[in-house]
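Student:
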Amino acid sequence: MNRLTHLFLVLLLACVPMGIMAQDNDDNDDSRYLVGAVPEVNGKVVFSKEFSIPGMSQQQIFERMQKWLTERLKANNNVDSRVVYTDAEKGTIAGVGEEWLVFKSSALSLDRTLLNYQITIGCQPSKCLVEVEKIRYTYREKEKYTAEEWITDKYALNKAQTKLVRGLAKWRKKTVDFADDIFAEATKALSASNSQPQVEKAPKKAAVTSGPVVIGAATPVSSPDMPGYRSVAPDQLPAGAIQMGSGKLVIAIGKDAFNMTMMTANAGGSLGKVSGKPVVFSILSPDQPYESFEKADTYSVRFYPTNQTEPSVILECKKLPAAAPMEGQPRTYVGEIVKAWMK
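The end of the sequence shown is residue 422 by my numbering, with every number in the run present.
1) Taking C-alpha atoms, which residue in Met339, Ala116 and Ile132 lies nearest to Phe126?
2) Among Ile198, Glu178 and Gly347, which has the Cα closest to the Cα of Thr171?
3) Rounded to whole angstroms, what's the CA-CA distance from Ile140 to Lys374? Just pull it up for me.
4) Is it true that the CB of Asn345 sits closer than 7 Å to the CB of Gly134?
5) Report the CB separation of Leu350 from Ile321 in whole angstroms; it is logged as a contact under 8 Å.
6) For Ser364 versus Ile330, is the C-beta spacing smaller than 7 Å?
7) Can you tell which of Ile132, Val162 and Val311 has its C-alpha closest to the C-alpha of Lys60?
8) What does the alpha-carbon distance come out to for the pair Gly98 and Leu247?
9) My output table needs one value for Met339: the three-state DSSP class, helix, strand or coil.
10) Figure out for me which residue from Glu370, Glu395 and Val114 has the closest Cα to the Cα of Thr241.
11) Would you check if there are 3 or more beta carbon pairs closer than 8 Å linking the segment 165-180 to the segment 192-210?
12) Can you tell me where the alpha helix (DSSP H) with Leu328 in it begins and where it stops?
13) Can you give me the Cβ contacts of Leu243 inside the same chain, cut-off strictly under 7 Å, excluding the 5 residues immediately before and after it?
14) Sort Tyr412, Tyr164 and Ala154 by Cα distance to Pro400 and report the nearest one.
15) Would you mind listing the alpha helix (DSSP H) stretches within the segment 120-184 that are 4+ residues and don't spill past its ends, in chain order?
16) Please return the same chain residues whose Cβ sits closer than 7 Å to the Cβ of Pro384, not counting the five positions on each side in sequence.
17) Just to confirm, are Leu180 and Leu189 a CB contact at a threshold of 7 Å?
18) Please return the same chain residues whose Cβ sits closer than 6 Å to the Cβ of Glu227, not counting the five positions on each side in sequence.
19) Going by the beta-carbon positions, is the gap between Leu328 and Phe372 smaller than 7 Å?
20) In the DSSP assignment, find the alpha helix (DSSP H) that holds Ala258 and state where it starts and stops.
In structure tokens:
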């Protein structure tokens, strides 16, 4: 599509009756749809999410994701929406999807587009990567667009990149919501027990964090009722409750399961005391992102023993001041343990 044709179509969409376009103004806060909301890789739109599932084997991850994706695509009731390739040994699953994105639906009008996409899942021990790409739209049966020429920052944002272009806003917003729903469903499939349904509708506009999603115990850390866990006084925690080399230390920032920043302390960690207070040291390697940790006042730390999918220790922490690290050196964060649970 050349630039002149693209401009004409945007102007044409801007002239659509207000009754159809009103949905672009349903949510005045468009901040989550601005710069970076539609990621590009080598000029192609690729939504991706990495999942870390400590202790889960590649085969377990593969089976869960294959089951979820098969049911997810089958639910579209369309022969063109299906799993097209699987390789258990390599941990690869690929599917193609075709479904409707509904912009507005009422008794008098239905504004929607047919969405086609490719979804690929790569499974490895304790982690997997989900990618959604090759997104295409068919609007009013004859109008065909690709994500690259329709919802990218170049076309869907104004020159200052501070606002959505009115004619394309609904396309960008609904596509971002669609990708978030896909990743939220994948999160539930990986964290659900085998007795739970694998496909559930995600909350509306559930924001999925940009970093890896670490999946462990489903029970919120803040819950006073922790089935399977016993409360322990922070100063009574056994010295060997966290043994690096025999598991992973995972940090969780935030309380909302779909809007948390989670990361593994790649450089390790341990229990200790500072000024007589029980603390946990969490050490990030020099290449790990740390901005969210810097801003947090509270967070939780979970220790996952090797080959276990649930933490053996859960600690609620209040961040204490720590010396700034030297450039290129690991970052150590110190958290005063406020509450503690053990299996």
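Built from N, CA and C at the ideal position, the CB exists for glycine as well.
Tutor: To lay it out plainly:
1) Sequence index remark: in the sequence shown, residue 126 carries index 47 (1-based). Checking every option, the nearest Cα to that of Phe126 belongs to Ala116.
2) Taking the first residue of the sequence shown as position 1, residue 171 is located at position 92. The shortest C-alpha separation from Thr171 is found at Ile198.
3) By one-based count along the sequence shown, residue 140 stands at place 61. By one-based count along the sequence shown, residue 374 stands at place 295. Cα to Cα, the separation comes out at about 33 Å.
4) Position 55 of the sequence shown holds residue 134. Position 266 of the sequence shown holds residue 345. Contact check for Gly134 against Asn345 fails: the beta carbons are separated by 7 Å or more.
5) Indexing the sequence shown from 1 puts residue 350 at position 271. Indexing the sequence shown from 1 puts residue 321 at position 242. About 6 Å separates the beta carbons of Leu350 and Ile321, which is inside the 8 Å limit, making them a contact pair.
6) As a first step, residue 364 must be located in the sequence shown, where it is residue number 285. As a first step, residue 330 must be located in the sequence shown, where it is residue number 251. Taking the C-beta atoms as reference points, Ile330 is found no nearer than 7 Å to Ser364.
7) Here the chain covers residues 80 to 422 and nothing more, so residue 60 does not appear.
8) Within the sequence shown, numbered from 1, the residue matching residue 98 stands at position 19. Within the sequence shown, numbered from 1, the residue matching residue 247 stands at position 168. Note that Gly98 has pLDDT 41, beneath the 50 cutoff, so the model's placement of it is unreliable and the number below is only indicative. Going by the C-alpha atoms only, they are around 16 Å apart.
9) Position 260 of the sequence shown holds residue 339. In the three-state scheme derived from DSSP, where H, G and I count as helix and E and B as strand, Met339 is classed as coil.
10) As a position in the sequence shown, residue 241 is number 162, starting the count at 1. The candidate whose alpha carbon is nearest that of Thr241 is Val114.
11) yes
12) Here residue 328 is taken as the residue at index 249 of the sequence shown, counted from 1. Segment Gly326 to Ile332 is the beta strand (DSSP E) holding Leu328; no alpha helix (DSSP H) there.
13) Taking the sequence shown and counting its residues from 1, the one referred to as residue 243 is at position 164. Correct list, in chain order: Asp109, Tyr112, Ala235, Leu236 and Arg251.
14) Working through the sequence shown from its first residue, we reach residue 400 at position 321. Ranking Tyr412, Tyr164 and Ala154 by Cα distance to Pro400 puts Tyr412 first.
15) 137-153
16) Position 305 of the sequence shown, counting from 1, holds the residue named residue 384. The answer, listed in chain order, is Ser325, Gly326 and Ser391.
17) Here residue 180 is taken as the residue at index 101 of the sequence shown, counted from 1. Here residue 189 is taken as the residue at index 110 of the sequence shown, counted from 1. Result no, Cβ atoms of Leu180 and Leu189 do not sit closer than 7 Å.
18) As a first step, residue 227 must be located in the sequence shown, where it is residue number 148. Answer for Glu227: Val124, listed in chain order.
19) On the sequence shown, residue 328 is found 249 positions in, with the first residue counted as 1. On the sequence shown, residue 372 is found 293 positions in, with the first residue counted as 1. Cβ atoms of Leu328 and Phe372: not closer than 7 Å.
20) Residue mapping note: residue 258 aligns to position 179 of the sequence shown, counting from 1. Looking at the DSSP string, the run of the alpha helix (DSSP H) that includes Ala258 is Arg245 to Ser270.
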